[in-house]
Amino acid sequence: MFSDERKDGSPRFGKLHFPVGLWINSPKKHFAKLGRRWPSVGSVKSTSSDTASRGSEPVEMRPAKNKAARHKRLSTLFQRSGVGGPTSGAGGRWASEKKLADLIDPLPEERVKPPSQGEVPGVLKIYGGDISMGANYKSVLATVRSTARQLVQEALERYGVTQSNAEEAYVLCDVVGRVHGMDSSWQAQYLRAVGDGERPLVLQDVWKPKTGFTRRFEIRRRCDVERMVEGEDEDGGGINSQSRRQQSRRSRAASGGHVGPKERADNLSLRRSISEMNLSTKRRKDRKGVLSMAVGEPEATDVASLEQLTQYLIQPPTEHPYFLQLLGYNEKQEFVIHVMTRRRHIFGRPERRPAPDQSSFVDTFLNAPDILPRHCCVVSSVPPADPSQPRSSAMVRPFRGASITHNGAPLHRQVELAPGDLLGMGQYFLFMYKDPRAATAPPAWLPKAWVSPGLVGALACQACGRSLQERQEAFRAYLKSREPQLRYRPQEQEALLAEIVRLQETSTCRLGPAFLFGLCLEHAARELEPGHLPRLIARIAQLVKEAVWGKIKEIRDRQPENQQDKGEVGNLSIEEVAADLRPLMLWMANSMELLNLVQKRVLDIEKDLDLEGDDLETCDEAMAVLDEVIMSTFQQSVYYLTKTLYSALPVLLDSNPFTATTDLSHVPELSSMPEGIQGTLSIYQATLELTRDCDLHPDLVSQTFGYLFFFSNASLFNTIMERGGSGTSLFQWAKAVQIRTNLDLVLDWLQGIGLGDIATEFFRKLSNTANLLCVPKSSLLQASWSRLRNDYPALTPAQLQHVLRNYQLGPGRASPECWNPPDKEQCDNFKLFSFTDHPPLILPCDGFRLRLSEPVLDDTLHRQLVRLRRFLWELERESLPANQRAVYGLDPSQ
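What follows is the structure, encoded as structure tokens:
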């Protein structure tokens, strides 16, 4: 006999014994009814039938209002409320002691469904041959909340039994039998007294007799049933009074009946062991009469019949996925089958004071020291629209800090859960996931096991059964593989990251660092524990920042103003500036791609692993560092480029494009351009080549040129306004035509290299000013203030007034009155174009180049990947004992 108490003395359920078969046979129909609130039990007109009414009597359904049915999960139907929580008696209170109507799933997920025919009140036939020989049965209105005592009382009224305490003298019996003889008469084979608090309709719905047997409910005199049981005791020496009391308590609990505090303290098992039943084959053959289903200790001769009995007492569900418990913390007192009645199923530990919010809801309670309050979540697959299509696997993910294994391997993130997979929780529990709706397939857990993230564990483990030659071939195939994979052990991580940074100095692979760092992130997310990934992201960001800060300092030290103590003067050429900026531009391109990879990975781990607190803060800080690196490299790049432009732009205003050596009939090459604009265009061309050579993101390329064009426009405009107001010859038609022509040549050349739209936008103010000055003098003198304001909107009233006031009309000629602005637009001082109004840097959100899920097609990048794989193998090989290095037979030079 199994113990009915936990190790701490609190009552528990028993192992998967007799009554559990009742709950397994048809869980879908049963649990669809548990949450309903039915009308009170009423009576209906008495019904008679002939002996043809026999077998398992189905409930005759009556129509009722549609009410939303609420499913109830199987695995927690009889679980305790929180340990140490409110109770109504001695010890912990079980959910099976509550009213069935109160066992309502608190979560609204997938609950509201139209009721099926089996969920409405129906008529239950109760046979009463011991009361009235003239009628075979009487019908009463029954619901899932109707108890056996209520139905006995209603049936006695139908049979006309009105004596006092009649319901005490009679008991409802669950009788199993079969049809015999030519007359098809029904003969009882097994009988069990139903407890007063049990729900017969629930019992009938969730337990079906074995094929060939049928069942019905009968009213019998209590004294006759007790004598029948005592007769079995005398015949086989089996059951005593204490066993009968225990069996009665279990039967009542199995169908939802009330169990008193004392009975709970004695025995709270809902399942009887098969070894407790008196089902001897020899006794069944010797006994011609009705046999009781009361429990007793079997003899050795009962073994043959026990195997047959399990076929109809213990049957798994056919319409729901479920978990078969293989190992447990206290196996004698735990469920063996846990059915998924909801799409989302959560395992956890019962808490002393459960939280009232719905997020703390747990479907299956596992009472072990290393189980968390919310330990594991399984989400079953959605049935396909086409039934002929295969059903996809379920998904399983651990909650933060939970110890989970999937087919023997540690589980750190969400993975697919296929039927037959083994799911370990903590050190004690082991489950097998089963889905009767899915196609059967061999389990994937034999004989694979988790291996080390290094090369030896993955490719050269001697326990894997590979020969020496096979291990060498596997290693060489990995070295040359173009798959985006980079395996390493945690102890080699720091050396690996430093090597990636160092490769940036010598390699011609432009986006190599971001790609290799991304492979490190993928490996850590796939093979290492979850807490390792945030630390890796932070370390990569810090290394990138240190490398960029070092390059910024080197460029600053090479500037002419910082070389005066060495006697070096003059400005750096655009070629020298581009060479200095190339490392910065490369890190800008790599940081942008890396930031995109990190953002995607952080979103994944936040969703799949419930990372929070310090881990998320670490990831946020790392992304902020990468953002700072991008901003700094962009700022330093445009600073040194605009510094070079500052000395080249003024020549554009003073040079004359109308020379004999200049061909303006088409857009010429840069070398044949007027000398006044060659310097400016060479800076633009060097910048374009630099961004292309560094594989800078197209959005960052556009914004880099947007800033250069903004600076060029502001610098030239301010120069024109300052020099024109000082009495020089810039505010006259002849000079304006030269400026306009030089500006057109620049814009046409930029249009030819694909930057025309950006240049047109940022050169608008300079173009408006040049267009105004190029208007013939005769036309300009006739233009009114309002017309000029409409024709040149890029100029503010103060700037337009400054140009007109200083326009050179000729000696002694005053400005016409039509140029005078109205009083409200009069302004004596104008403002120059502010350099602080530059456009903000907006980081791109799409259009990235790196794809870590695709094979490495770039030969330069592949060579760099192979080099790192060899580097890692050397590190791992050096860590092996000297006598094992030759055993593995892996030579990276081969």
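Sequential numbering from 669 applies to the sequence shown in this note's numbering. Heads up, the beta-carbon is just placed ideally off N, CA and C, and yes, glycines get one too.
Per DSSP, Tyr795 is not a residue of any alpha helix (DSSP H); the beta strand (DSSP E) it occupies stretches across 790-795. Proximity to Val812 across Val791, Ala1206, Gly797, Glu825 peaks at Val791, based on C-alpha coordinates. Contact annotation: the segment 1367-1375 does not touch the segment 1480-1500, with fewer than three C-beta pairs closer than 8 Å. Judged by DSSP in its simplified three-state form, Met1100 adopts strand. Three or more beta-carbon pairs drawn from the segment 1031-1043 and the segment 1083-1103 are found closer than 8 Å, and the two stretches are therefore classed as touching. For Leu1091, no alpha helix (DSSP H) run applies; the uninterrupted beta strand (DSSP E) run containing it begins and ends at 1090-1093, by DSSP. When only Cα atoms are considered, Asp1322 and Phe1385 end up about 13 Å apart. By DSSP's assignment, Glu1084 forms a beta bridge with Met1063. Rounded to whole angstroms, the separation of the alpha carbons of Ser1340 and Thr1327 is 12 Å.
Closest option to Gln1450, judged by alpha-carbon separation, among Pro1484, Val1083, Val1524: Pro1484. With contacts defined as CB atoms closer than 9 Å, Ser1370 and Ala1316 fail to qualify as a contacting pair. Looking only at Val839, Glu1546, Glu1343, the smallest Cα-Cα distance to Gly865 is reached by Val839.
Leu994: member of the beta strand (DSSP E) spanning 990-995, first to last residue.
With contacts defined by Cβ atoms closer than 9 Å, Leu1211 and Cys1188 do not form a contacting pair.
DSSP places His1200 in the helix class (H, G or I) of the three-state scheme. Excluding five sequence positions before and after His1080, the CB atoms of its chain that fall closer than 6 Å to its own CB belong to Glu1197, Pro1198, given in chain order. In the structure shown, Arg1545 falls within a helical segment according to DSSP collapsed to helix, strand and coil.
Between the segment 1261-1276 and the segment 1215-1228 there are fewer than three inter-stretch CB-CB distances shorter than 8 Å, so the stretches are not counted as touching. Assigned with DSSP and collapsed to three states, Glu1019 falls in coil, not helix or strand. Where Ala1427 is concerned, the enclosing alpha helix (DSSP H) starts and stops at 1424-1430. Separation of Arg1194 and Phe1431 (C-alpha to C-alpha, rounded to the nearest whole angstrom) is 51 Å.
For Tyr1308, there is no enclosing beta strand (DSSP E); the enclosing alpha helix (DSSP H) covers residues 1282-1316. Looking only at Arg1203, Gln1346, Lys1219, Ile1510, the smallest Cα-Cα distance to Asp1288 is reached by Arg1203. Per DSSP, Arg813 lies in no alpha helix (DSSP H) and is assigned neither H nor E.
In the assembly as shown, Glu822 is a buried residue. Its beta-carbon has 16 or more other beta-carbons within 10 Å.
With contact defined as three or more Cβ pairs closer than 8 Å, the segment 1500-1517 and the segment 1468-1479 are not in contact.
For the pair Gly1088 and Pro1111, the CB atoms are nearer than the 9 Å cut-off.
Per DSSP, the beta bridge partners of Val1007 are Tyr990. Per DSSP, Val843 is not a residue of any alpha helix (DSSP H); the beta strand (DSSP E) it occupies stretches across 838-848. Using a C-beta cut-off of 8 Å, the segment 817-834 makes no contact with the segment 850-858, since fewer than three inter-stretch Cβ pairs fall below that distance. Closest option to Asn998, judged by alpha-carbon separation, among Arg1011, Phe1067, Ala1036: Ala1036. The alpha carbon of Ile1421 has as its nearest neighbour, out of Trp1255, Gly845, Ala1482, Glu1337, the alpha carbon of Glu1337. A Cβ-Cβ distance of about 6 Å is found for the pair Pro1325 and Gln1406, placing them in contact under the 8 Å criterion. Under the three-state reduction of DSSP, Ala856 is assigned to strand. Checking the DSSP bridge columns, you'll see Pro1152 has no partner listed. For Thr1348, the enclosing alpha helix (DSSP H) begins and ends at 1343-1361.
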